[in-house]
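Participant: There's a structure below that I have some questions on.
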Amino acid sequence: MTAPQHPALTLADPELAALVGAEERLQAETLRLIPSENYASAAVLEASGTVLQNKYSEGYPGRRYYEGQQNIDLIETLAVERAKALFGVGHANVQPYSGSPANLAVYLAFAEPGDTVMGMALPMGGHLTHGWGVSATGRWFRGVQYGVRRDTGRVDLDEVRDLALRERPKVIFCGGTALPRTVDFAAFGEIARETGAVLVADIAHIAGLVAGGAHPSPAGHVDVISTTTHKTLRGPRGALLMSGEEHARALDKAVFPGLQGGPHNQTTAAIAVALREASGPAFRDYAHAVVANARALAEALLARGFDLVSGGTDNHLILIDLTGRDVPGKTAAKALDRAGIVVNHNTVPYDSRKPFDPSGIRIGTPALTSRGLGTEHMAAVADWIDRAVEAAGTGDEKTLAAVRAEVADLMSLHPAPGLPV
Ligand code: DSN
2 MTAPQHPALT LADPELAALV GAEERLQAET LRLIPSENYA SAAVLEASGT VLQNKYSEGY
62 PGRRYYEGQQ NIDLIETLAV ERAKALFGVG HANVQPYSGS PANLAVYLAF AEPGDTVMGM
122 ALPMGGHLTH GWGVSATGRW FRGVQYGVRR DTGRVDLDEV RDLALRERPK VIFCGGTALP
182 RTVDFAAFGE IARETGAVLV ADIAHIAGLV AGGAHPSPAG HVDVISTTTH KTLRGPRGAL
242 LMSGEEHARA LDKAVFPGLQ GGPHNQTTAA IAVALREASG PAFRDYAHAV VANARALAEA
302 LLARGFDLVS GGTDNHLILI DLTGRDVPGK TAAKALDRAG IVVNHNTVPY DSRKPFDPSG
362 IRIGTPALTS RGLGTEHMAA VADWIDRAVE AAGTGDEKTL AAVRAEVADL MSLHPAPGLP
422 V
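For the sequence shown, the working numbering assigns the number 2 to the initial residue and increments by one for each residue that follows.
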């Protein structure tokens, strides 16, 4: 069956249209728990599918290398001003294509090849671009990595300070992709000032929580804020770099012409829409509900005997260590997928297994909260996860099918933003 929502696409390319329709149904019927995924609104999706994508705009508003920018300049300026107002910063660049290019631009602005840079190790919850060895950032720079404590699962800021004093990195990244706890931007700020490093807060995962007042803001504590726009912020696939005026020129030069060509204007427009959505009271409620749901889900999982890294969560994300359940993370993730619950396998700190088949799974509440699920639903979610993980270990496909049907029932009562009803 093709999707009647996409008439032109259905006519021009029915095979592709059918695949889009299948993906729409998958996203509608499943419980999406990947903490970096969400549902963008219909308005965001519309903006990112406009004729703005037909236009080249290398440069910045008022300083372009192509003519015909009458509308594009206004759109980019709108996005910039909305980002500055929402995050309380003096400068915003809305052009990075996504999070990794945004972080690369930061290195280009503040470091030279071979310099020492510091970030959280990937298996501890950091990101590839925070200086991890297989990434260009770990090959072109000397990456020094901090982690979390084995006993608490939390970052030890005394250890970070000692490491920074010893290694004197040019750039320090804080934030990550599998951190269930609040990032202490003020403490990182003190360390960076003491050691003379440029401090970057990578808030890709928590940008929506920061915007909605459900996580402390890094503004005023760090030199640069880097974020994607599509996770908790619920925008299109894009990114922002933000700073005070003093770093504006260095960052802008690094993004263009340093690293990128023409910005994706349709994405810029969709970012502007998402930033407007995120500045309203409904989004504040959403951000707080994401955290309340994650806490309730963590409690319900702990009550079922699950081992959570750091013992719980302060934000949108929960990292489950399945070592005690005797089910590898990948086996569990695949079984959950068959049960209609979409997660990703993930390393846990000090993992004894390999990254491609680690001991953990990573889950989060941004997408389910966008569908209007509340704390009252989290016991059922924990119960489904419990039954599916148990079934993964025993090969009980009947239970997985039963959970899938229960999940689909609840999802049918909670339509997702942006999807056809
Ligand atoms: N891929 C993102 C995530 O899932 O966290 C980080 O880049």
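Glycine is no exception: its CB is placed at the ideal position from the N, C-alpha and C atoms.
Assuming I319 and L298 make a contact with CB atoms under 8 Å, what is their CB distance in whole Å?
Facilitator: Correct: roughly 6 Å between the Cβ atoms.
Participant: Residues near the ligand DSN, CB to any non-hydrogen atom under 6 Å, in chain order?
Facilitator: The set, ordered by position in the chain, is S37, G100, H128, T178.
Participant: Tell me whether R169 sits in a helix, a strand or coil according to DSSP, three-state version.
Facilitator: It is coil, neither helix nor strand.
Participant: Just the C-alpha distance for K56 and R238, rounded to the nearest angstrom, thanks.
Facilitator: Cα to Cα, K56 sits roughly 18 Å from R238.
Participant: Quick one: what does DSSP say Q146 is sitting in, helix, strand or coil?
Facilitator: If DSSP states are grouped into helix, strand and coil, Q146 belongs with the strands.
Participant: Is DSSP giving D322 helix, strand or coil here?
Facilitator: In this structure, D322 counts as strand in the three-state DSSP scheme.
Participant: Among T268, G263, G221, V422, which residue has its Cα nearest to the Cα of R427?
Facilitator: Past the edges of the chain, shown from 2 to 422, lies residue 427, and the structure says nothing about it.
Participant: Cα separation between T366 and I207?
Facilitator: The straight-line gap from Cα to Cα measures roughly 12 Å.
Participant: In its own chain, which residues sit with a C-beta less than 6 Å from the C-beta of A290, not counting the 5 before and 5 after it?
Facilitator: T370, listed in sequence order.
Participant: Under 8 Å, do H92 and A249 count as touching if we go by C-beta distance?
Facilitator: Contact flag set, yes.
Participant: Excluding the five sequence neighbours on either side, which residues of its own chain have a C-beta within less than 8 Å of the C-beta of T324, listed in chain order?
Facilitator: Cβ within range, chain order: D308, V349, S353, S360.
Participant: Please go through the region 12 to 92 and give each complete alpha helix (DSSP H) segment of 4 or more residues, from N-terminal end onward.
Facilitator: Segments of the alpha helix (DSSP H) lying fully in the region 12 to 92: 15 to 30, 43 to 49, 71 to 88.
Participant: Where DSSP assigns a beta bridge to H248, which residues make up the other side?
Facilitator: In the DSSP output, where bridge partners are listed per residue, H248 has none listed.
Participant: Does the beta-carbon of Q54 have 16 or more other beta-carbons within 10 angstroms, so that it is buried, or is it exposed?
Facilitator: Classification for Q54: exposed.
Participant: Just to confirm my understanding: we take L79, look at its own chain, exclude 5 residues before and 5 after, and list those with CB closer than 7 Å. What are they?
Facilitator: Contacts found: A273.
Participant: Tell me the DSSP secondary structure of L309 in three-state form.
Facilitator: Here L309 sits in strand by DSSP.
Participant: Using DSSP with H/G/I as helix, E/B as strand and the rest coil, what is D203?
Facilitator: Strand.
Participant: Helix, strand or coil for R363, going by three-state DSSP, please let me know.
Facilitator: Strand, per DSSP.
Participant: If we ignore side chains and look at the alpha-carbon of each, how far apart do A29 and V149 end up?
Facilitator: Answer to the nearest angstrom: the Cα atoms are 36 Å apart.
Participant: Is T178 helix, strand or coil by DSSP?
Facilitator: Three-state DSSP puts T178 in coil, outside helix and strand.
Participant: So, at 6 Å on beta carbons, what are the nonlocal neighbours of A255 in its own chain, with the 5 sequence-adjacent residues on each side left out?
Facilitator: For A255, where only same-chain residues beyond five positions count, the Cβ hits under 6 Å are A106, L109, A110.
Participant: Could you compute how far the alpha carbon of E407 sits from the alpha carbon of E377?
Facilitator: When rounded, the distance between both Cα atoms is 16 Å.
Participant: Starting from H346, follow the beta strand (DSSP E) in both directions and report where the run begins and ends.
Facilitator: Looking at the DSSP string, the run of the beta strand (DSSP E) that includes H346 is 345 to 347.
Participant: I need the DSSP call for V211, collapsed to helix, strand or coil.
Facilitator: The answer is helix: DSSP assigns V211 an H, G or I state.
Participant: In chain order, what residues of the same chain lie with their CB nearer than 7 Å to the CB of K171, ignoring the 5 residues before and after it?
Facilitator: These residues qualify, in order along the chain: F111, A112, D116, T117, V118, A198, V199.
Participant: With 8 Å as the threshold, decide whether the Cβ of E168 is near any Cβ in chain B.
Facilitator: Any reference to chain B falls outside this structure, which holds one protein chain only.
Participant: Under 8 Å, with one C-beta from each stretch per pair, do the region 179 to 199 and the region 160 to 167 reach the 3-pair mark?
Facilitator: Segments in contact, yes.
Participant: Using only CA atoms, which one of V225, K232, F257, T229 lies nearest to E247?
Facilitator: With distances taken between Cα atoms, E247 lies closest to V225.
Participant: On a Cα-Cα basis, can you pick out the residue from G375, V404, K355 that is closest to R388?
Facilitator: That would be V404, whose Cα lies nearest to the Cα of R388.
Participant: Pick helix, strand or coil for R390, following the three-state DSSP scheme.
Facilitator: A small fix is needed here, since residue 390 is Val in this sequence, not Arg. Three-state result, V390: helix.
Participant: If you follow the alpha helix (DSSP H) that T400 is in, where does it begin and where does it stop?
Facilitator: Segment 398 to 413, the alpha helix (DSSP H) holding T400.
Participant: I'd like the list of long-range same chain contacts for L32, defined as Cβ closer than 8 Å, with 5 residues on each side in sequence excluded.
Facilitator: Same-chain partners within the cutoff: G341, I342, V343, L369, V382, W385, V408, L411, M412.
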